[in-house]
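Right, one structure below, let's go through it.
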Amino acid sequence: MTQLRTPEATTGDPTPTLAGAAAATEVAAAPDSRATAGGAPGRPEPLTRGRHVQLIVVLGLLIALGPLSIDMYLPAFPDIATDLSASTSAVQLTLTGMLAGLAVGQLVIGPLSDVFGRRRPLLAGLAVHLLASLLCAIAPTVAVLSVVRVLQGFAGAAISVVALATVRDLFTGSAVARTMSRLMLVIGLAPILAPTLGGFVLAVTDWRGIFVVLAGAALLLSAVAFFGLRETLPPERRSAPGVRSTLRTYRSLFRDRTFVALVLIGGLMFASIFAYVGSASFVLQDGYGLDERSFGLVFGLNSLALTVLSQLNPTLIGRFGTANVLTFAIFMSLAAALGVVVTGASGAGGLVGVLVPLGLVLGAAGLAMPNTPALALTRHGESAGTASALLGSVQFGIGAMVAPLVGLFGGTSAVPMGATMAGVTGLAALLMVLVVRRDPSVHHLD
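Sequential numbering from 1 applies to the sequence shown in UniProt numbering.
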């Protein structure tokens with residue numbers, strides 16, 4: 001069981017850290033209100049179950065802005081190409097720009113949030129996201145749109161980094177994994193709903209209206225964050241400002257072999273999702289003949305598998321432990337990916353023969369994605385912002401590199417997709433067995 005850290009038990013850390021929140025009706029929160037989800041300054045306030053739910057809702061809404069910004073405008077690609085007289089590849093670069101901003105921005109914003117606290121970078125990120133969305137709405141050329149999308153991604157990085165770091169500020173032990181699992185519900189549903197929402201917007205206006213809606217969402221979330229989320233990193237727990245301090249923090253993270261292995265595992269498991277997202281339309285529509293509506297249904301069902309299994313994670317880690325559940329998820333994903341290769345190559349079961357193991361791959365990712373950051377961030381709570389930044393940046397970096405590999409070996413067959421998934425999850429399995437599980441400290445999380 002995890003323990004609640006108290007001022008008496010933790011030298012140099014006067015802020016109590018929440019543990020086991022999912023199992024308790026209420027626990028003692030920090031005496032300093034800046035380290036709680038809310039409350040009167042200077043007075044201890046219990047973080048009730050209702051407050052815990054409120055925190056998850058607020059963080060979930062904030063995290064959802066990233067997937068909405070990535071996926072909501074996808075149905076408008078043809079309209080953007082026509083309106084801006086751009087090629088398809090040029091329009092696709094607007095998506096690449098967003099992902100690049102997300103990857104690079106996290107490396108910058110993470111350390112800043114450890115120095116200046118969580119609240120200021122979060123509110124600044126929301127303000128920049130609002131501005132970038134409005135600039136996207138009035139972009140005169142696809143080149144301008146691509147550049148502004150980089151800025152929008154950078155702002156989105158601030159939001160996601162701060163949300164993850166806030167979880168680590170308030171929780172420890174297996175409570176981190178439980179909270180991450182609840183947030184995965186939002187992370188899993190947002191990409192499913194985003195293209196549909198984009199389609200509704202396109203039914204009443206043009207593609208520029210989508211970015212106006214995103215600007216409105218950023219404005220609304222700014223109010224939610226301002227009134228619903230207090231500072232969770234008090235000054236006495238912040239890092240020293242300066243480049244040298246930041247470099248020292250990164251150096252300490254890279255010296256932790258287990259942390260580096262967990263970061264790579266998170267990136268590799270995320271890459272298995274990217275391999276699917278980047279090739280699903282070609283494989284399922286061109287290879288198996290699904291129309292757009294059927295493809296949307298299948299895509300949604302697969303995403304639902306990821307979401308549902310992520311919600312089973314709190315129960316599983318309570319019984320088997322976080323490290324054991326992560327190990328199971330990795331090997332489950334590897335076996336299912338090999339199943340995609342076998343059924344895709346042999347034709348056994350036709351479309352269903354591919355969809356069943358494919359759903360298991362994504363479901364396994366739903367188990368892995370909350371537990372990887374839980375194990376990694378618990379090791380470096382004093383620099384949670386920087387650690388979260390590395391996690392997010394590596395995820396998007398590896399994912400962006402792996403996704404194009406599928407197309408190099410044949411775009412309409414399920415075999416390259418399954419082989420790519422098997423390759424990245426196989427590497428994750430090696431790291432888990434050879435590095436992570438050999439570290440006794442990972443088994444003390446629970």
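In this text, a Cβ means the ideal position worked out from N, Cα and C, and glycines have one as well.
Problem set entry | Cβ-based neighbour list, G366, same chain, cut-off 6 Å, excluding 5 preceding and 5 following | L306, L309, S310
For this session: Check the C-beta distance from residue 451 over to L233 and give it rounded, since I have them as a contact under 8 Å.
Result: The shown model of the chain, from 1 to 446, leaves out residue 451, and the question about it has no answer.
Exercise. By the 10 Å Cβ neighbour count, where 16 or more other Cβ atoms means buried, how is H443 classified, buried or exposed?
Worked result: exposed
For this session: With a floor of 4 residues, list each alpha helix (DSSP H) that falls wholly inside the stretch 172-244, ordered by position along the chain.
Result: 174-204, 208-228
Problem set entry | Contained alpha helix (DSSP H) runs [length at least 4] in the stretch 311-363, N- to C-terminal order | 322-346
Exercise. Can you list, in chain order, the stretches of the alpha helix (DSSP H) that have 4 or more residues and sit fully within the stretch 85-126?
Worked result: 88-116
Exercise. In chain order, which continuous runs of the alpha helix (DSSP H) of length 4 or greater are located wholly inside the stretch 252-286?
Worked result: 257-281
Exercise. Going along the chain, which residues of its own chain have a beta-carbon closer than 7 Å to the beta-carbon of A190, five neighbours each way excluded?
Worked result: A64, P67, L68
Exercise. Assuming F270 and I398 make a contact with CB atoms under 8 Å, what is their CB distance in whole Å?
Worked result: 7 Å
Exercise. In terms of residue numbering, what span does the alpha helix (DSSP H) encompassing D79 cover?
Worked result: 77-83
Exercise. How many Å lie between A223 and D114 at the Cα?
Worked result: 23 Å
Exercise. With burial defined as no fewer than 16 other Cβ atoms inside 10 Å of the residue's Cβ, what is the status of T94: buried or exposed?
Worked result: buried
For this session: Output the boundary residues of the alpha helix (DSSP H) element that contains A156.
Result: Reading off the sequence shown, one finds Gly at residue 156, where the question assumed Ala. Start and end: 142-170.
For this session: Could you check what DSSP says for I138 in three-state terms: helix, strand or coil?
Result: coil
Exercise. Between which two residues does the alpha helix (DSSP H) harbouring V53 extend?
Worked result: 49-71
For this session: Out of G339, T372, A348, state which residue places its alpha-carbon closest to the alpha-carbon of G359.
Result: G339
For this session: Leaving out five residues on either side along the sequence, give the residues of the same chain with a beta carbon under 7 Å from the beta carbon of L122.
Result: A158, I159, V162, A225
For this session: Report yes or no: do the stretch 85-100 and the stretch 204-218 share at least 3 C-beta pairs separated by less than 8 Å?
Result: no
Problem set entry | Distance CB(G125)-CB(A155) smaller than 8 Å | yes
Exercise. Just to confirm, are A414 and V277 a CB contact at a threshold of 8 Å?
Worked result: no
Exercise. Helix or strand or just coil, what does DSSP make of residue 480?
Worked result: There is no way to answer for residue 480, as the model of the chain reaches only from 1 to 446.
For this session: Counting only the same chain and skipping the five closest in sequence on each side, list residues whose C-beta sits under 7 Å from that of A22.
Result: Summary for A22: the model assigns pLDDT 31, below 50, so the residue's position carries little reliability; its value from the coordinates is reported in the next sentence. Closer than 7 Å at Cβ, skipping near neighbours: A175, R178, P314.
Exercise. Does the stretch 428-437 come within contact of the stretch 283-301, defined as at least 3 CB pairs closer than 8 Å?
Worked result: no
Exercise. Whose CA, out of T322, L247, P75, V91, lies closest to the CA of S441?
Worked result: T322
Exercise. For the alpha helix (DSSP H) that contains P416, what are its first and last residues?
Worked result: 414-431
Exercise. For V402, which residues of its own chain have a beta-carbon under 7 Å away from its beta-carbon, when the five flanking residues on both sides are left out?
Worked result: A271, F274, A275, T420, V424
Exercise. Quick one, which of S252, L391, Y250 has its alpha-carbon nearest L164's?
Worked result: L391
Exercise. So, helix, strand or coil for L290, using DSSP?
Worked result: coil
Exercise. Whose C-beta lies closer than 6 Å to the C-beta of A215 among residues of the same chain, with five residues either side of it excluded?
Worked result: L130, S133, L134
Problem set entry | Euclidean distance between Cα positions of V147 and I109 | 19 Å
Problem set entry | Alpha-carbon to alpha-carbon, T82 and A194 | 22 Å
Exercise. Going by alpha carbons, who is nearest to L219 out of V128, P235, A90, L301?
Worked result: V128
For this session: Would you identify the three-state DSSP class for H443, choosing helix, strand or coil?
Result: helix
For this session: Please go through the same chain and pick out, in chain order, the residues whose beta-carbon is closer than 7 Å to the beta-carbon of A24, but skip the five residues on each side of it.
Result: Below a pLDDT of 50, predicted positions are generally treated as unreliable, and A24, at 30, falls in that range; the measurement from the model is reported next regardless. Correct list: empty, nothing qualifies.
Exercise. Are the beta-carbon atoms belonging to S383 and T249 less than 8 Å from one another?
Worked result: yes
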